[in-house]
Every structure is written in C-alpha cells, then in structure tokens.
Ligand SMILES: [Zn+2]
Ligand SMILES: [Zn+2]
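Residue numbers (my numbering): 96 to 471.
Here it is in structure tokens:
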C-alpha cells in the first residue's frame, strides 16, 4: 500500500509499505482522509521522539478491514475516527477516570507497522500514523462513529475537534453564562470558539495578532475580538471584564508565553486550560503571586480530555447536523503525493487545517470541490 514516508528530518516522499501481521490489540484500517496539524511538523522535523523512516499523521477517518483477537471496541466494517490520544481502558489513568493520560500515549513512539521497499522497518508518527492508504492501529486510538458528515470533515475529529471542543466542554467544563478568553485563532482556537458558543458562554473573547482570523472567530461565535497579544491584550481582557478577568482562559497559540498571558486574563479562582505546545522541551512561566494568592488553577488538555469513546461520536453527530462547522476551518485538500506541501503550509502558518485524501473513497463535499482546493 502507498504511504507518505518521512525518511529523515524534513524529507518526505511517497512509497510502498508492506504491513506486518496484526497483533491481538490492533485493527487494520483503510484510511479515507487524514487531517494535518502542527504536531505533524514535530514528527517530520525530528523534534518528536519518532524514529525514521516513519509515516506522519495522527487524525483520520477510515473503515475497519480486520481486527485482532483482543479487539472489542471496533468491528470489521465500522467507520472509525483515528484519534490523536489513546484510551486503552485498562491502564491506571484510564481506570482512574483520566483516559487522556493513557499509558499508550507515551509508549508507541517506537511502534513499527511494516517495512518499506528496502525492507527497513517503518515507524508511525507519535505511535499513530495516518498519511497512508491503510494502517495498523492500536485499538486504543480508534473510536467507532456514524460517518454522516463529509469525509474530509470527519478526518478532523481525532485532533482539531477533539482538542478544541473537548478542551472547552471536557476540561474547562464551561457552563452557560461563563466568560472565556481564547488565545490564538488557528484551528484549535476556532474549534474552542464553537465549543464555547455551544456551551452557552456569555462572553467569548478571542485574542490573535491576525485580524482576519479574529473576524472568522467572530463569525463562529466570538463576542469580542482583540487583535494583538502579550501584556496589552491581557490589559484589554481585564478591562472588558470590568477588572475581574474571565472564568476560564484557553491557550491555543502554541506558545508558552500565551500560557502566561492566559494566566493574567483569568479571574481570581479562575482556570487556565493550556493546549498548545511550543516544543516538547519548552517551559511555562507562571506568576507565583497570582497562582497562590489568586487561587488560580492551571490544567493541561491532551486532545481535549474526556472519554473519547463517548465524546468523539457526539462530535461526529454535531458535525453531521452542522452545529459544528468545519467548512471555514478546512482550508486546503491534498492528495497523498502532495501531503508534503500541506505539512509545509502547517509549518509556516499558511493554513488552518489541510486534509489529505488518502483513498478514492474520500469523497469531497461539493462545497470544497472548487478550483482552488480540488484534488490535483
Ligand atoms: Zn489507558
Ligand atoms: Zn494534532
């Protein structure tokens, strides 16, 4: 089967991969479409601890072709979301009610799924891999869904939608009437805006230096936009909220400085939800006084937290009924052969979300089949 192969830092090509036999806790999946995100550049550039050669990608939609003997969540023929966070259901974190810290998230980096044309073992991006016609997945990364929404949109369930909407509903636990600030209007921030609107937040303040992205956020439900960043943006959020700060501030800018800014925007006793990652080794600076005297809470959000077996099918239904709107967030469609162009666009911030159609069954919705983003 054909796959995108990442053979060295920054080096991508398409090639043939022969998949090995299924393990008992794995399923063989035909992939229809995969969504790109900034995390893929960490793998491609050799920053994430995934060896080469590897198949990048961590969010996709597909159909189960075969299951290992220990699989119980998915069956042959199921439509499944490939999710960027694992949930094995058996480890300490899963049993303790915190599946987003599942042990499978950290132990798959050296997972191989077959061999390339030279017979070299092929690894998978962050233990998952999605830029391929087919893949062997641990069942812990798969969730059965109703595939009613357009296929390219369903590819976003496993990262952008789960991470953004989940951060708001599952981690921030926004209630009707809450006030929120969202730092960063890339794909994560725009999904957070939709999640906050869905939850009934009364004030949704977005902060981004890019005015066009702020305006898009306003179309999707933001009540206030601040074009900017840093200390001046913190001051404006405090002013907008009558000197109090917001109930929950969400960091979606991918910069540790934005976590510090979010901390300044949260009210006393408020919460900061951090979702972005500047680099695996970056450190977050938090004001000690605000943390202790302000009694603030800071919490990390791994792919939106929550029970993905429950949340992802709900997000799929919200996509199908149009309550969650993917159309303005999917900014480009690529073939497998052009996936490198899409990854480069993510690296340079030139796209919100690029989707790679990995098989002929990944039909484009009519709204996307325009001259500028039709399949080459
Ligand atoms: Zn687990
Ligand atoms: Zn991602």
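Yeah, the Cβ is synthetic: ideal placement off N, Cα and C, and Gly gets one too.
Item to check | Counted within 10 angstroms of its Cβ, other Cβ atoms place residue 170 as buried (16 or more) or exposed | outcome: exposed
Checklist entry - Just to check, is the beta-carbon of residue 399 closer than 7 Å to a non-hydrogen atom of ligand 1? => result no
Checklist entry - So, helix, strand or coil for residue 345, using DSSP? => result strand
Checklist entry - Would a C-beta distance cut-off of 8 Å place residue 252 and residue 176 closer than the cut-off? => result yes
Next on the checklist: When you measure from the CB of residue 154 to every non-hydrogen atom of ligand 2, does any distance come out below 7 Å?
Outcome noted: yes
Checklist entry - Quick one: is residue 112 buried, meaning 16 or more other Cβ sit within 10 Å of its Cβ, or exposed? => result buried
Checklist entry - Pick from 163, 159 and 180: whose alpha carbon is nearest that of residue 174? => result 159
Item to check | Uninterrupted beta strand (DSSP E) stretches inside the stretch 192-278 (no shorter than 3 residues) | outcome: 207-211, 216-219, 229-233, 237-239 and 274-278
Checklist entry - How far does the alpha helix (DSSP H) with residue 331 in it reach, from first residue to last? => result 325-335
Checklist entry - Taking a cut-off of 5 Å, which residues have a beta-carbon closer than that to any heavy atom of ligand 3, in chain order? => result The model on display carries ligand 1 and ligand 2 but not ligand 3.
Next on the checklist: Taking DSSP's pairing of strands, which residues face residue 429 in a bridge?
Outcome noted: 451
Checklist entry - DSSP state of residue 340, grouped into three classes? => result coil
Checklist entry - Does the stretch 310-319 come close enough to the stretch 280-294 that 3 or more CB-CB pairs lie under 8 Å? => result yes
Checklist entry - In the structure shown, what three-state DSSP assignment does residue 165 receive? => result coil
Checklist entry - If you pair each beta-carbon of the stretch 202-217 with each one of the stretch 261-277, do three or more pairs fall below 8 Å? => result no
Checklist entry - By Cβ distance below 7 Å, which residues in the same chain neighbour residue 138 in space, the five residues on each side in sequence not counted? => result 101, 145, 149, 151, 220 and 221
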